[in-house]
């Protein structure tokens, strides 16, 4: 699982931020090192999305994993873990609010223009932030992620949302079927519908496109007739990709590395190499950034 600084190294978000003049912040989720085989250790990092470790209250709902699903180690900050649990149990909502407050204070950021973005479990956390801290964010983006079955959430206040997923992803499947490791997630369609309900959208979904989505073969739908004019819930699928952020990567970078800034807290992780001159693809973030730029906190585009 990627580290905070490995996420930046692998996706090259700093390059994109420098190009477009925004501040990128990379909080680190709870992490621990484990070994399921003698002599083989690996780092596990995760976010408490307030869904993955919980069983749905609906007895007829889909379970979070199949009976023979891969068993993941129980994070040390959890008192106990159910069969399908795998994320940390810390107060990550509180942690992110503290980070947000500190960034506002130190860097004088515009509180009307904060946007959470996450990939995989980070994307699940982005959904949770948008739902539970909707008063803090102008829009959100979740990539390669849906919450556990029965936990698709809606924002407490209207927050535009962009969901980017891969139809060929077998780590977090978008169709509600068990993934390669036996875990199950909400469908992309139900995730979108739940969010649209929070935006009080009157009708939809309808086809949605822009030049970037068309140029890169994305299939997109959106709810656009919502209570605040211009607010949208958009979901785009890439037909052929797997569990990789479509159109956003640095050639040769490793997502599990740690930069020199982070390596003291993760001494056994490989140190990230220099990638400033490496080949860089960025249309995946261009797509998100174009969406984010349309919105301020509860303001009209």
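Residue numbers (our numbering): 7 to 307. A virtual CB, placed ideally from N, CA and C, is assigned to each residue, including glycine.
Whole-angstrom distance between residue 51 and residue 70, CA atom to CA atom: If you take the alpha carbons of residue 70 and residue 51, they lie about 19 Å apart.
With a threshold of 7 Å on Cβ separation, who are the neighbours of residue 187 within its own chain once the five nearest residues in sequence on each side are excluded? Within the same chain, residue 187 has close Cβ partners 75, 76.
Buried or exposed (CB count within 10 angstroms, at least 16 for buried), residue 85: Residue environment analysis places residue 85 among the exposed positions, since fewer than 16 neighbouring C-beta atoms fall within 10 angstroms of its C-beta.
Look at residue 115 and residue 29 and say whether their C-beta atoms are less than 8 Å apart. Yes, these two residues count as a Cβ contact at 8 Å.
Helix, strand or coil, according to DSSP, for residue 285 in the structure here? DSSP places residue 285 in the coil class of the three-state scheme, outside both helix and strand.
Given a cut-off of 8 Å, decide if residue 205 and residue 239 are closer than it, judged by their beta-carbon atoms. For residue 239 and residue 205, yes; Cβs fall inside 8 Å.
If you draw a straight line from the alpha carbon of residue 24 to that of residue 73, how long is it in whole angstroms? Distance between residue 24 and residue 73, taken at the CA atoms: about 47 Å.
Could you say which of 299, 208, 9 lies nearest to residue 26 if we only look at CA atoms? Of the residues 299, 208, 9, the one whose Cα lies closest to the Cα of residue 26 is 299.
Would you identify the three-state DSSP class for residue 45, choosing helix, strand or coil? Only weak support exists for where residue 45 lies, its pLDDT of 46 falling under 50; the value from the coordinates is given anyway. In the structure shown, residue 45 sits in coil (DSSP, three-state: anything other than H, G, I, E or B).
Which stretch, first to last residue, makes up the beta strand (DSSP E) that contains residue 225? Residues 225-229.
Quick check for students: name the residue ranges of the alpha helix (DSSP H) that lie wholly in the stretch 210-281, counting only runs of 4 or more. Taking only runs of at least 4 residues, the alpha helix (DSSP H) segments lying wholly in the stretch 210-281 are 217-221.
Between which two residues does the alpha helix (DSSP H) holding residue 24 run? First-last of the alpha helix (DSSP H) with residue 24: 19-26.
Do residue 12 and residue 278 have their beta-carbon atoms positioned less than 8 Å apart in this structure? Yes.
Candidates 164, 181, 68, 250: closest to residue 139 by CA position: The shortest Cα separation from residue 139 among 164, 181, 68, 250 belongs to 164.
Does the separation of the CB atoms of residue 157 and residue 192 fall below 8 Å? Cβ distance < 8 Å, so residue 157 and residue 192 count as in contact.
Sequence-distant residues of the same chain with beta carbon closer than 6 Å to residue 14, five excluded per side: Excluding sequence neighbours, residue 14 sits near 20, 32.
Tell me which residues share the same chain as residue 88 and place their Cβ nearer than 8 Å to its Cβ, disregarding the 5 neighbours each side in the sequence. The beta carbon of residue 88 sits closer than 8 Å to the beta carbons of 59, 61 from its chain, once the five residues preceding and following it are set aside; these are given in chain order.
Identify the continuous alpha helix (DSSP H) that holds residue 200 and give its terminal residues. Here the alpha helix (DSSP H) through residue 200 covers 194-204.
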